[in-house]
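A.B. asks:
Residue numbers (this note's numbering), protein chains in the order written: chain A, 161 to 317; chain B, 15 to 177.
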């Protein structure tokens, strides 16, 4: 059973690499962890991304850390903003460490007994880029007190 | 609606039904919306978990929702926003959402089937995994809502339970 999980995770890892090769992305492979790290350049920001199959839950998980640390005095507003955003995003979600101030976008796809294709990985990356680009500046404005929590949701993307 | 997406959505919905039939569970099927509702009971802890599973054709997405049995009163929603953010941060998959307008908390898992050939095992995983997560947090969230524990204690319990 454990062997099955390892084999399946390696197959998913190969699919991740093939999906990135198709897009001609430069990426760093960690073969021990079966993780891949790369950066996507958006219109006005670079988005670091990490994708890896999680053998325990048999999901492939993409994470993109937002390059902002939320100061302690803004964490309640950011928590409320994230709770609001997560109701609006159909796939993927933001997580927020209210203790350390880190914000991460995360998207997961189960692969239990699945045949996962490159298109799925590319779709996860596209979704992450779209969502992170939409909300990155808003988080910055909120943290710097340039918008109120009420106005946070009114900014045009 | 794109016919290919509609047909694929119907196919995925049929796999969902086969999964529930295979487990011999009772469920309410709403084929017109590709939605299935059912409840699982935890006899030891004397509570039930409601499931809403939806196949969204146009997004090629499966959504699993488990609404919690209580509504968070308005004055406690900020504390819950912080508690749920911290809970979500520590979860491997899935996340809790809170509707700030009515206080409804749901555990939510999404799974895309775009370029992903799935079978009954995936639905089994989504159902079982979400059950385990909610089962692990249900008492703590109820305790926070009933003021049996503070927000600080809730966060402390999250850390302690991981060790």
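The beta carbon of each residue, even a glycine, is placed where N, CA and C say it ideally should be. Please read all numbers here as calculations on a predicted model, not as lab measurements.
Who are the near neighbours of residue 153 of chain B in its chain, counting only those whose CB is closer than 8 angstroms to its CB and skipping five residues on each side?
C.D. replies: In the second chain, the residue the question calls residue 153 of chain B occupies position 139. Result list for residue 153 of chain B: 59, in chain order.
A.B. asks: Pull up the DSSP beta-bridge partners for residue 118 of chain B, would you.
C.D. replies: Walking along the second chain from the start, residue 118 of chain B turns up at place 104. Looking at the DSSP assignment, residue 118 of chain B forms a beta bridge with B:85.
A.B. asks: Is residue 196 of chain A closer than 7 angstroms to residue 187 of chain A when the C-beta atoms are compared?
C.D. replies: In the first chain, the residue the question calls residue 187 of chain A occupies position 27. In the first chain, the residue the question calls residue 196 of chain A occupies position 36. For residue 187 of chain A and residue 196 of chain A, yes; Cβs fall inside 7 angstroms.
A.B. asks: Tell me which residue opens and which closes the alpha helix (DSSP H) that residue 261 of chain A is part of.
C.D. replies: Working through the first chain from its first residue, we reach residue 261 of chain A at position 101. Where residue 261 of chain A is concerned, there is no enclosing alpha helix (DSSP H), given that its DSSP letter is neither H nor E.
A.B. asks: Taking just the CA atoms, how far does residue 204 of chain A sit from residue 293 of chain A?
C.D. replies: In the first chain, counting from the first residue as 1, residue 293 of chain A sits at position 133. In the first chain, counting from the first residue as 1, residue 204 of chain A sits at position 44. The alpha-carbon atoms of residue 293 of chain A and residue 204 of chain A are separated by roughly 8 angstroms.
A.B. asks: So the alpha helix (DSSP H) residue 62 of chain B belongs to, where does it begin and stop?
C.D. replies: One-based indexing of the second chain puts residue 62 of chain B at position 48. That residue, residue 62 of chain B, is in no alpha helix (DSSP H); its beta strand (DSSP E) goes 61 to 70.
A.B. asks: Using 8 angstroms as the Cβ pair cut-off and three pairs as the minimum, do the stretch 203 to 220 of chain A and the stretch 166 to 177 of chain A touch?
C.D. replies: With the cut-off at 8 angstroms, the stretch 203 to 220 of chain A and the stretch 166 to 177 of chain A touch.
A.B. asks: What residue range is occupied by the uninterrupted alpha helix (DSSP H) comprising residue 170 of chain B?
C.D. replies: In the second chain, the residue the question calls residue 170 of chain B occupies position 156. First-last of the alpha helix (DSSP H) with residue 170 of chain B: 165 to 176.
A.B. asks: Between residue 80 of chain B and residue 64 of chain B, how many whole angstroms is the CB-CB distance? I'm expecting something under 8 angstroms.
C.D. replies: As a working note, residue 80 of chain B is residue 66 in the second chain. As a working note, residue 64 of chain B is residue 50 in the second chain. Contact holds; Cβ gap of about 7 angstroms.
A.B. asks: Which residue marks the beginning of the alpha helix (DSSP H) containing residue 252 of chain A, and which one marks its end?
C.D. replies: For the purposes of this step, residue 252 of chain A is identified with residue 92 of the first chain, where counting begins at 1. Unbroken run through residue 252 of chain A: none, as it is neither H nor E.
A.B. asks: What does residue 244 of chain A touch in chain B if you count any residue whose Cβ is under 7 angstroms from its own?
C.D. replies: What you label residue 244 of chain A is simply residue 84 of the first chain in a count that begins at 1. Chain B residues near residue 244 of chain A: 114.
A.B. asks: Have a look at B:70, B:54, B:55 and B:62 and flag the residue whose alpha-carbon is nearest the alpha-carbon of residue 15 of chain B.
C.D. replies: For the purposes of this step, residue 15 of chain B is taken as residue 1 along the second chain, with counting starting at 1. When each option's Cα is compared against that of residue 15 of chain B, the closest is B:70.
A.B. asks: Give the DSSP bridge partners of residue 215 of chain A, in chain order.
C.D. replies: Within the first chain, residue 215 of chain A is the residue found at index 55, counting from 1. DSSP, once it has assigned bridges, lists no residue as partnering residue 215 of chain A.
A.B. asks: Using 10 angstroms around the beta-carbon of residue 318 of chain A, count the other beta-carbons present and answer buried if the total reaches 16, otherwise exposed.
C.D. replies: With chain A covering 161 to 317 only, the question about residue 318 of chain A has no answer from this structure.
A.B. asks: Expressed to the nearest angstrom, what Euclidean distance is found between the alpha-carbon atoms of residue 274 of chain A and residue 92 of chain B?
C.D. replies: Here the question's residue 274 of chain A lines up with position 114 in the first chain. Here the question's residue 92 of chain B lines up with position 78 in the second chain. The straight-line gap from Cα to Cα measures roughly 39 angstroms.
A.B. asks: In terms of DSSP beta bridges, what is residue 78 of chain B paired with?
C.D. replies: As a working mapping, residue 78 of chain B is identified with position 64 in the second chain. According to DSSP, which records beta bridges pairwise, residue 78 of chain B is partnered with B:67 and B:123.
A.B. asks: Under DSSP, the beta strand (DSSP E) around residue 189 of chain A begins and ends at which residues?
C.D. replies: For the purposes of this step, residue 189 of chain A is taken as residue 29 along the first chain, with counting starting at 1. From DSSP, the beta strand (DSSP E) with residue 189 of chain A extends over 187 to 190.
A.B. asks: Give me the residue from B:128, B:172 and B:36 with the minimum Cα distance to residue 19 of chain B.
C.D. replies: By one-based count along the second chain, residue 19 of chain B stands at place 5. Nearest option by C-alpha distance: B:128.
A.B. asks: My parser needs the beta strand (DSSP E) runs of 3 or more residues fully inside the stretch 85 to 113 of chain B; what are they?
C.D. replies: Those beta strand (DSSP E) runs which fall completely within the stretch 85 to 113 of chain B and span 3+ residues are 109 to 112.
A.B. asks: By DSSP, does residue 313 of chain A sit in helix, in strand, or in coil?
C.D. replies: Residue mapping note: residue 313 of chain A aligns to position 153 of the first chain, counting from 1. Reduced to three states, the DSSP call for residue 313 of chain A is coil.
A.B. asks: To the nearest angstrom, how far is the alpha carbon of residue 44 of chain B from that of residue 264 of chain A?
C.D. replies: Taking the first residue of the second chain as 1, we reach residue 44 of chain B at position 30. Taking the first residue of the first chain as 1, we reach residue 264 of chain A at position 104. One C-alpha to the other measures close to 35 angstroms.
A.B. asks: Please list, in chain order, the chain A residues whose beta carbon lies closer than 7 angstroms to that of residue 143 of chain B.
C.D. replies: Position 129 of the second chain, counted from the first residue, corresponds to residue 143 of chain B. What residue 143 of chain B touches in chain A: 217.
A.B. asks: Nearest to residue 236 of chain A by CA position, among A:169, A:299 and A:314, is which residue?
C.D. replies: As a working note, residue 236 of chain A is residue 76 in the first chain. Comparing Cα-Cα distances from residue 236 of chain A to each of A:169, A:299 and A:314, the minimum goes to A:299.
A.B. asks: So what's residue 230 of chain A in DSSP terms, helix, strand or just coil?
C.D. replies: Translated into positions along the first chain, residue 230 of chain A becomes position 70. Coil at residue 230 of chain A, not helix or strand.
A.B. asks: Do residue 95 of chain B and residue 179 of chain A have their C-beta atoms closer together than 7 angstroms?
C.D. replies: For the purposes of this step, residue 95 of chain B is identified with residue 81 of the second chain, where counting begins at 1. For the purposes of this step, residue 179 of chain A is identified with residue 19 of the first chain, where counting begins at 1. No. Outside cutoff.
A.B. asks: Exposed or buried, which one is residue 178 of chain B when buried takes at least 16 other CB atoms within 10 Å?
C.D. replies: In the structure as shown, chain B begins at 15 and stops at 177. Residue 178 of chain B is therefore absent and cannot be evaluated.
A.B. asks: Go ahead and label residue 193 of chain A buried or exposed: buried means 16 or more other beta carbons lie within 10 angstroms of its beta carbon, across all protein chains shown.
C.D. replies: In the first chain, the residue the question calls residue 193 of chain A occupies position 33. Exposed.
A.B. asks: Quick one: residues in its chain with C-beta nearer than 7 angstroms to the C-beta of residue 317 of chain A, no 5 flanking neighbours on either side, listed in chain order?
C.D. replies: As a position in the first chain, residue 317 of chain A is number 157, starting the count at 1. Summary for residue 317 of chain A: the model assigns pLDDT 49, below 50, so the residue's position carries little reliability, and this model does not support an answer.
A.B. asks: On the CB-based measure, 16 or more other CB atoms within 10 Å of its CB, does residue 150 of chain B come out buried or exposed?
C.D. replies: Position 136 of the second chain holds residue 150 of chain B. By the neighbour-count rule (16 or more Cβ atoms within 10 Å), residue 150 of chain B is not buried but exposed.
A.B. asks: Verify the CB distance criterion: does residue 161 of chain A have a CB-CB separation below 7 angstroms to chain B?
C.D. replies: Within the first chain, numbered from 1, the residue matching residue 161 of chain A stands at position 1. Residue placement at residue 161 of chain A is poorly supported in this model, since its pLDDT is 48, which falls under 50; the coordinates still yield a value, given next. False, the Cβ-Cβ gap to chain B never drops below 7 angstroms.
A.B. asks: By a C-beta neighbour count over all protein chains shown, 10 Å radius and 16 as the cutoff for buried, is residue 224 of chain A buried or exposed?
C.D. replies: What you label residue 224 of chain A is simply residue 64 of the first chain in a count that begins at 1. Result: buried.
A.B. asks: Rank A:247, A:250 and A:266 by C-alpha distance to the C-alpha of residue 107 of chain B and give the top, closest one.
C.D. replies: To locate residue 107 of chain B, count along the second chain from 1; it is residue 93. Among A:247, A:250 and A:266, the Cα nearest to that of residue 107 of chain B is on A:266.
A.B. asks: Quick one: is residue 280 of chain A near chain B, going by C-beta distance under 7 angstroms?
C.D. replies: By one-based count along the first chain, residue 280 of chain A stands at place 120. It does; some Cβ of chain B falls within 7 angstroms.
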